[in-house]
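These notes concern the structure reproduced below.
See the structure below:
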């Protein structure tokens with residue numbers, strides 16, 4: 001395995017930024033499937049490609065961790081951050097996939113708001129990754145992610161109450177519950193990413 | 001960050017005891033919602049406060065781990081134990097929340113027994129935490145938790161068989177399954193706590 | 001606790017092989033319940049015994065890790081591998097249990113194919129475990145597991161699309177979804193095992 005000649009720090013920060021940018025792309029794809037005239041099969045295929053690209057980045061980070069003598073922060077933390085970023089993509093891909101597989105035709109009104117929260121949280125994450133280098137100005141990132149996660153949580157509960165209100169057919173409840181839960185898991189996974197970044201920052205400070 | 005002047009050991013044992021006491025309070029709140037004349041909104045709010053209090057304790061433990069030079073046992077084990085205790089509260093809060101959100105009106109008869117197992121397991125956990133200091137008399141704790149978890153597991157399976165017996169409406173099955181599964185997860189999480197305590201005790205012995 | 005006089009390496013490789021062989025037995029039991037004339041109660045009991053035997057092996061590995069001075073690879077990796085193998089068994093036992101508890105009478109046609117993938121993956125895992133000793137010829141194992149997991153994933157999605165196609169009663173969808181998801185989780189857990197083996201091999205190489 002080739003040992004990189006570039007400073008290791010740069011490589012890792014760049015890779016984390018790449019990983020987070022895949023999430024921005026994934027959240028935008030997920031949002032696009034909500035359009036009435038969306039080509040669901042095309043979006044679903046684009047999502048699968050985005051997920052493969054994200055996988056590549058995750059594997060590249062793991063390979064680098066295993067072949068680099070000096071890492072910018074603890075190996076376990078690098079591995080945990082890479083996995084957490086990867087989990088976000090998996091939940092987003094699952095959401096798109098579920099919508100297509102279950103042939104979901106109508107989503108609860110508040111679902112678009114959840115996807116919007118997800119989009120904002122992925123953008124904040126992508127903007128924060130390069131700041132891992134200086135470990136500066138990261139507080140505002142994780143505070144805002146926590147705020148978004150709380151907002152998403154309240155919204156999620158409203159959607160569940162609506163689903164179980166009796167105005168949906170039971171098979172429809174079963175379908176929609178899977179869709180809204182996978183978006184909620186994607187938002188939670190972005191909070192996990194922020195918690196890991198906070199842990200790293202506290203250790204390094 | 002302030003470095004504590006009290007002996008670190010005392011601080012951690014006290015914090016773990018506080019965390020486990022939050023669980024006792026949470027399990028009692030969950031039990032109280034089963035009363036026919038319970039004020040569900042009030043219980044749900046009290047539960048949310050209990051969960052916030054538990055979060056505070058978890059964060060305090062994590063802060064201490066990160067700012068203390070000498071910890072009474074491995075940092076990873078302290079972190080794992082704090083997370084596992086926190087998970088129990090999250091599952092209990094989810095249970096109460098699901099009952100309120102889904103407007104669940106009738107629970108299977110054996111459900112009260114599950115909540116009773118949960119209450120007993122939280123009390124045993126709270127009584128065991130101060131014994132982490134001497135690492136003595138912990139065997140009986142984890143043996144009894146394992147026994148309770150097995151009892152809870154058998155009871156859980158009986159409830160599921162009842163739910164799918166055909167005597168419930170499908171939407172009701174969907175609602176009740178979420179409720180009983182979150183209690184089962186809370187009991188499992190208490191077994192995870194006991195497993196971590198066992199691991200710590202084996203290492204330190 | 002007795003410190004083993006046999007070379008530690010041999011003990012761990014043997015125990016991992018034993019653990020994987022329990023999985024082969026479990027997958028075969030799961031396959032046997034699909035026969036029209038299967039004695040479901042008997043299979044369910046045999047499965048529970050297989051799960052207990054697997055638990056014993058897991059505990060033995062954990063005890064050895066905690067009482068051995070020199071381990072053939074990192075303690076965390078031994079622990080992670082033992083847990084991951086144990087998870088596979090838990091998902092297989094859950095599958096059998098769900099079939100019995102919910103009195104599932106007819107499974108989707110493609111379900112047998114999923115169980116067949118699971119059987120092949122457990123066999124590959126059992127054959128790979130003794131090769132941990134030399135760390136040789138492991139690539140083909142994890143490449144093939146990844147291929148099987150992808151095949152299982154595609155098959156799983158086809159089954160879900162079939163379940164939600166409208167040709168099943170909703171209560172039936174709820175039952176079958178739990179069954180097929182637990183098999184999918186068992187296959188995923190075998191991929192996690194392969195990923196951990198890959199990680200260990202990369203570190204040791």
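Residue numbers (full-length UniProt numbering), protein chains in the order written: chain A, 1 to 205; chain B, 1 to 205; chain C, 1 to 205.
From the three backbone atoms N, C-alpha and C, an ideal C-beta is built for every residue, glycine too.
query	result
Since residue 41 of chain C and residue 111 of chain C should fall inside the 8 Å C-beta cutoff, what is the C-beta to C-beta distance between them, to a whole number of angstroms?	Their Cβ separation, rounded to whole angstroms, is 20 Å, which puts residue 41 of chain C and residue 111 of chain C out of contact at 8 Å.
Taking only the alpha-carbon atoms, compute the straight-line gap between residue 178 of chain A and residue 92 of chain B and give it to the nearest angstrom.	21 Å
What in chain B is Cβ-close to residue 157 of chain A, meaning under 8 Å?	97 and 101
Using only the alpha-carbon positions, how far apart do residue 30 of chain B and residue 46 of chain B sit?	10 Å
When the distance is taken between beta carbons, is residue 196 of chain A closer than 8 Å to residue 73 of chain A?	no
In terms of alpha-carbon separation, which member of C:141, C:115 and C:164 lies closest to residue 152 of chain C?	C:115
Does the region 116 to 125 of chain B come close enough to the region 142 to 152 of chain B that 3 or more CB-CB pairs lie under 8 Å?	yes
Consider the Cβ of residue 175 of chain C: report whether some Cβ of chain B lies at a distance smaller than 8 Å.	yes
Taking 8 Å as the threshold (beta carbon to beta carbon), is residue 171 of chain A in contact with chain C?	yes
Can you find the residues in the same chain that come closer than 8 Å, C-beta to C-beta, to residue 203 of chain B, ignoring five residues on each side of it along the sequence?	73, 74 and 77
Under 8 Å Cβ-Cβ, which residues of chain C neighbour residue 66 of chain A?	199, 202 and 203
Can you list, in chain order, the residues of its chain with a C-beta nearer than 6 Å to that of residue 82 of chain C? Leave out the 5 residues immediately preceding and following it.	58 and 61
Helix, strand or coil: which one does DSSP assign to residue 71 of chain B?	coil
Can you tell me where the alpha helix (DSSP H) with residue 172 of chain A in it begins and where it stops?	170 to 204
Rounded to a whole number of angstroms, what is the C-alpha to C-alpha distance between residue 26 of chain A and residue 155 of chain B?	42 Å
Suppose the cutoff is 8 Å on Cβ atoms and the five residues either side in sequence are ignored; what does the same chain contact list for residue 138 of chain A look like?	128, 131, 132, 197, 198 and 201
Cβ of residue 193 of chain C within 8 Å of Cβ of residue 84 of chain C?	yes
What does residue 160 of chain C reach in chain A if we use C-beta pairs closer than 7 Å?	101
Please state the DSSP three-state secondary structure of residue 97 of chain C.	helix
Using C-beta distances below 6 Å, list every residue in its chain close to residue 2 of chain B, excluding the 5 sequence neighbours before and after it, in chain order.	Low local confidence applies: a pLDDT of 49 at residue 2 of chain B is under 50, so the model's placement there is unreliable, with the coordinate-based value given in what follows. Nothing meets the Cβ criterion.
At the level of alpha carbons, what is the spacing between residue 113 of chain C and residue 99 of chain A?	24 Å
Distance cutoff 8 Å, beta carbons only. Does residue 12 of chain A sit that close to anything in chain B?	no
Can you tell me whether residue 64 of chain C is buried or exposed? The criterion is at least 16 other CB atoms within 10 Å of its CB, across all chains shown.	buried
With respect to the alpha helix (DSSP H) encompassing residue 115 of chain B, which residues constitute its N-terminal and C-terminal limits?	111 to 128
Output the distance between the C-alpha atoms of residue 87 of chain A and residue 169 of chain C, rounded to the nearest integer angstrom.	33 Å
Can you have a look at residue 173 of chain A and say buried or exposed, based on whether 16 or more other CB atoms are within 10 angstroms of its CB?	buried
Locate the alpha helix (DSSP H) running through residue 160 of chain A, then write down its first and last residues.	139 to 163
Measuring only between beta-carbons, confirm whether residue 164 of chain C sits less than 8 Å from chain A.	yes
Tell me, to the nearest whole angstrom, how far the beta carbon of residue 148 of chain B is from that of residue 34 of chain B; I am working on the premise that it is less than 8 Å.	That belief does not hold up - the Cβ atoms of residue 148 of chain B and residue 34 of chain B are roughly 19 Å apart, past 8 Å.
Evaluate residue 52 of chain A with the Cβ neighbour count: other Cβ atoms within 10 Å of its Cβ, from every protein chain shown; 16 or more gives buried, anything less gives exposed.	exposed
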